[in-house]
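Residue numbers (my numbering): 1450 to 1506.
Here it is as structure tokens:
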């Protein structure tokens, strides 16, 4: 995995994500999500959603 510290890895990942976020904002609607995993990338969109409140006893 390398000798980078976790914080440095996260900072580099966030830096790499900037162009993806810019592209997403320019080319997709606000209900689009990008999911990046170690072996794939997915573009997903929410067509409908409803927040359901719940309580903990």
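Think of the CB as a built atom: it goes at the ideal place given N, C-alpha and C, for glycine as much as any other residue.
The structure presented is a predicted model; accordingly, all values stated were derived computationally and were not measured.
Residue i (DSSP reduced to helix, strand or coil)
i, result
"residue 1500", "coil"
"residue 1484", "strand"
"residue 1464", "helix"
"residue 1494", "strand"
Sub-7 Å separation of residue i and residue j beta-carbons
i, j, result
"residue 1492", "residue 1501", "no"
"residue 1480", "residue 1495", "yes"
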